[in-house]
Amino acid sequence: MDVHDLDFAPDAGDVETRELYYSEDVLVKAFALGPGGELSPHEHPGQTNAFHVVEGTVVVVQGDSEREVDAPGVVVHDPGVPHGARNESDDPAVFTATLTPMD
């Protein structure tokens, strides 16, 4: 599946998501953040989560730090580390999140 074929169109401040793949071992979701959209910081105890920025620029929050990640870019979040993302640009940003192992 090509994430660019998902026809995302988030409005300002909105977040759209689609489940791309699920198995006993892994979950892959796509997120589209409209301008000002945010995936609030959260954590996954016992699971690794990797963000793959595929379009635009995402401000990735990881623990107490933040950094801009441009497409194409990858950030891996270790188990139990709070993480989130927001879009501070004027254009939509798209990233996938891969979560493993599944409980």
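Going by the UniProt record's numbering, the sequence shown opens with residue 1, and the numbers climb by one from there.
Even for Gly, the Cβ is constructed at its ideal location relative to N, Cα and C.
- Note on geometry: alpha-carbon atoms of Leu-33 and Val-76 lie some 19 Å from one another.
- At the C-beta level, His-52 and Val-74 come within 7 Å of one another.
- Runs of the beta strand (DSSP E) spanning 3 or more residues and lying entirely within the UniProt region "Disordered" (72-91) occur at 73-77 and 83-86, in chain order.
- Per DSSP, the unbroken beta strand (DSSP E) holding Phe-31 starts and ends at 27-33.
- By the Cβ criterion, the stretch 76-89 is in contact with the stretch 39-54, since at least three pairs of Cβ atoms, one from each stretch, lie closer than 8 Å.
- With contacts defined by Cβ atoms closer than 7 Å, Val-54 and Ala-85 do not form a contacting pair.
- A Cβ-Cβ separation of about 28 Å leaves Gly-56 out of contact with Ser-23 under the 8 Å criterion.
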